[in-house]
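Colleague: Can you read through this structure? Questions will come right after.
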Amino acid sequence: MDKIVIYGGKKLNGEVKISGAKNSALPILFATLLTDDKCKIKNVPILADIKTTVDFLNFIGKKTVRKGNIVNCDKSSKLNHIAPYDLVRKMRASVLVMGPLLARLGKVDVSLPGGCSIGARPIDIHLDAFKKMGATIELKEGYIKIFSKGRLTGTDIEFRFASVGATENVLLASVLAKGTTRIINAAKEPEIQDLADVLVKMGAKISGAGTRIITIEGVDKLHGFEHDVIPDRIEAATYMIAALMTKGEIKLTKVNPKHLELVIEKLIEAGADIKIKDDTLTVKWKKEIKPINIKTEVYPGFPTDIQAQWMALMALAKGNSIIEETVFENRFLHVCELQRLGANLKIEGRQVSIHGVKELSGAPVMVSDLRAGAALVLAGLCAKGKTEISRIYHLDRGYEALEKKFRKLGANIKRIK
Ligand code: EPZ
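Going by this note's numbering, the first residue of the sequence shown is number 912, and it counts up by one from there.
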């Protein structure tokens, strides 16, 4: 198993290009199942999850090839309606195959995704929505078998929680449904808006994407598209925090500052000097980090995917702060690993109280999930001495060329087999 070894203490300086957004590229790749036409997706990050999805699309029958940061889908003919366990268990986002296959074939069998380290991550909101649109659902031999006699029927669907995945799945299912669907309490993340932009390019009729009410008027057919994936706001935030933690100065290019408004505001409150010019954003350390409380919420609130990285930053702040996680029920697995590096943290229910320390010290640590891994890398970059990070396959799922990008910024970081 590969490991990442970091000798901390180097100030990071220089420029880093932000990759395309993983959480936008994934639903867009599944959207290619909605048409038999060719599709071309650019600015796709080179990640394990992208490879998993490309393999998945080929298994379903959409001939898909990735070359560098470009994915081309060829004309497809017959689509297979079964999504097997060995593909679904690798990546929870595989549940996004349900919407398109229901829309195209009127049936889909998806292996139950199983839990993951940050929580049970049920899909009840997705399934309730499909039932409201006329589908029947059966659980059999570990598979969710969804079936709709004829086309799905558009209707009003109110979400009990503004779920990102459920909003994407209903968008993917409703664009070819009969009549109009309104998603009420829809997720507003930029990745939702990017998916809606693609569906509109394909001929879908969608209004309100990016607001809490999205209206979709079903059409009979969708055609191919070409699209540039939006920049990854979570990767961007990770490098912005790295600049502050290492007392350096990093210029991010190909970033969309509009997707990071609250994070920028909080980093400035914590003492960062941030300059924005079009699609570049420069973060410069100027004085000791101030303790700033955050509470994760659905967009446009503070992103849960930046919670772990923020905790690493606050571990070195001058004073006490509190982080509250309201989106996932078990997203504090990085706490005990950060404590091994000397962070002074205490879990109290959905909150972690942080008492800033002057310095962290290197140690062997283990990654539990993608963003926890990012927090450990950030801490290792500042910790005195050697930090050895194992189970870094989690990182490879969501961060393109992570150690190359950090090495280019001056970090003493390498991957060992
Ligand atoms: C997406 O996951 C992202 N993944 C996650 O990023 C991100 O953390 C999450 O949105 C929240 O922003 C992708 O886009 C591929 P949700 P998703 O449905 O769609 C509960 C990363 O690091 N819920 O908004 O699964 C659920 O249990 C990953 O890139 C239900 O109860 O998120 C969770 O507590 C991690 N029932 C909360 O809602 C449902 O039917 C948020 O889930 C669906 C969700």
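Cβ coordinates follow ideal geometry from the N, Cα and C atoms, glycine included.
#1: Assuming the contact rule is C-beta atoms closer than 8 Å, Val1006 and Pro1024 should be a hit. Round their C-beta distance to whole Å, please.
#2: When you measure from the CB of Glu1102 to every non-hydrogen atom of ligand 1, does any distance come out below 7 Å?
#3: Quick check: is any heavy atom of ligand 1 less than 7 Å from the C-beta of His1037?
#4: Expressed to the nearest angstrom, what Euclidean distance is found between the alpha-carbon atoms of Val1081 and Ala1073?
#5: Return yes when the C-beta of Pro1033 is under 7 Å from any heavy atom of ligand 1, and no when it is not.
#6: Between Ala1153 and Gly1230, what straight-line distance do the alpha-carbon atoms span, to the nearest angstrom?
#7: Identify, in the order they occur along the chain, each residue of the same chain with its Cβ nearer than 7 Å to the Cβ of Asn1323, setting aside the five sequence neighbours on each side.
#8: Check for me: the beta strand (DSSP E) holding Ile1127 runs from which residue to which?
#9: CB-CB under 7 Å to Glu1311, same chain, minus the five flanking residues each way: which ones, in chain order?
#10: Can you tell me whether DSSP reads Gly1045 as helix, strand or coil?
#11: Excluding sequence positions up to five away, which residues of its chain have a Cβ less than 6 Å from the Cβ of Ala1004?
#12: Based on DSSP bridge pairs, tell me the residues matched to Trp1221.
#13: Does DSSP put Met1002 in a helix, in a strand, or in coil?
#14: Under the rule that 16 or more other beta-carbon atoms within 10 Å means buried, what is Ile1095, buried or exposed?
#15: Straight-line CA distance for Ile952 to Ala932?
#16: Please report the distance separating the alpha-carbon of Ile1258 from that of Ile1265.
#17: Could you compute how far the alpha carbon of Asn980 sits from the alpha carbon of Val1140?
#18: First and last residue of the alpha helix (DSSP H) that includes Lys933?
#19: Any heavy atom of ligand 1 closer than 7 Å to the CB of Thr1092?
#20: The alpha helix (DSSP H) that contains His992, what's its start and end?
#21: Under the three-state reduction of DSSP, which class applies to Ser1085: helix, strand or coil?
#22: Only counting the same chain, and skipping five residues up and downstream in sequence, which positions put a Cβ closer than 6 Å to that of Ser1279?
#23: If you drop the 5 nearest sequence neighbours on each side, which residues of the same chain put their C-beta closer than 6 Å to that of Phe1213?
#24: Within this structure, are the beta carbons of Ala1014 and Leu1106 separated by less than 8 Å?
#25: Could you check whether the Cβ of Glu1069 sits closer than 7 Å to any heavy atom belonging to ligand 1?
#26: According to DSSP, what are the bridge partners of Ile1233?
#27: What is the rounded straight-line gap between the Cα of Met1044 and the Cα of Val1111?
Modeller: Reading it off the structure:
#1: Correct: roughly 6 Å between the Cβ atoms.
#2: Glu1102 Cβ: within cutoff of ligand 1.
#3: Relative to ligand 1, the nearest heavy atom lies less than 7 Å away from the CB of His1037.
#4: When rounded, the distance between both Cα atoms is 12 Å.
#5: Residue side-chain check: Pro1033 places its Cβ nearer than 7 Å to a non-hydrogen atom of ligand 1.
#6: Here the C-alpha atom of Ala1153 lies approximately 19 Å from the C-alpha atom of Gly1230.
#7: Taking C-beta separations shorter than 7 Å and ignoring five residues to either side along the sequence, the partners of Asn1323 in its chain run Ile917, Tyr918, Lys921, following chain order.
#8: Per DSSP, Ile1127 belongs to the beta strand (DSSP E) from 1124-1128.
#9: If we look at Glu1311 and ignore the five residues flanking it on each side, its Cβ neighbours are Ser930, Pro956, Ile957, Leu958.
#10: In the structure shown, Gly1045 sits in coil (DSSP, three-state: anything other than H, G, I, E or B).
#11: Counting only Cβ-Cβ distances below 6 Å, and skipping sequence neighbours, we find Leu937.
#12: In the DSSP assignment, no residue is bridged to Trp1221.
#13: Three-state DSSP puts Met1002 in coil, outside helix and strand.
#14: Counting of Cβ neighbours within 10 angstroms places Ile1095 among the exposed residues, the total staying below 16.
#15: Each residue's alpha carbon lies about 12 Å from the other.
#16: The C-alpha of Ile1265 is placed about 9 Å away from the C-alpha of Ile1258.
#17: Spanning the alpha carbons of Asn980 and Val1140 requires a straight line of approximately 10 Å.
#18: Residues 933-942.
#19: No, the beta carbon of Thr1092 sits no closer than 7 Å to any heavy atom of ligand 1.
#20: If you look at His992, you'll find it isn't in any alpha helix (DSSP H); DSSP assigns it neither H nor E.
#21: Assigned with DSSP and collapsed to three states, Ser1085 falls in helix.
#22: Same-chain partners within the cutoff: Ser1028, Leu1244.
#23: If the five residues before and after Phe1213 are omitted, its C-beta is found closer than 6 Å to the C-beta atoms of Leu1173, Ile1205, Thr1207, all from its own chain and listed in chain order.
#24: Taking 8 Å as the Cβ cut-off, Ala1014 and Leu1106 do not qualify as a contacting pair.
#25: For ligand 1, not one heavy atom lies less than 7 Å from the Cβ of Glu1069.
#26: Answer is Ser1264.
#27: Separation of Met1044 and Val1111 (C-alpha to C-alpha, rounded to the nearest whole angstrom) is 21 Å.
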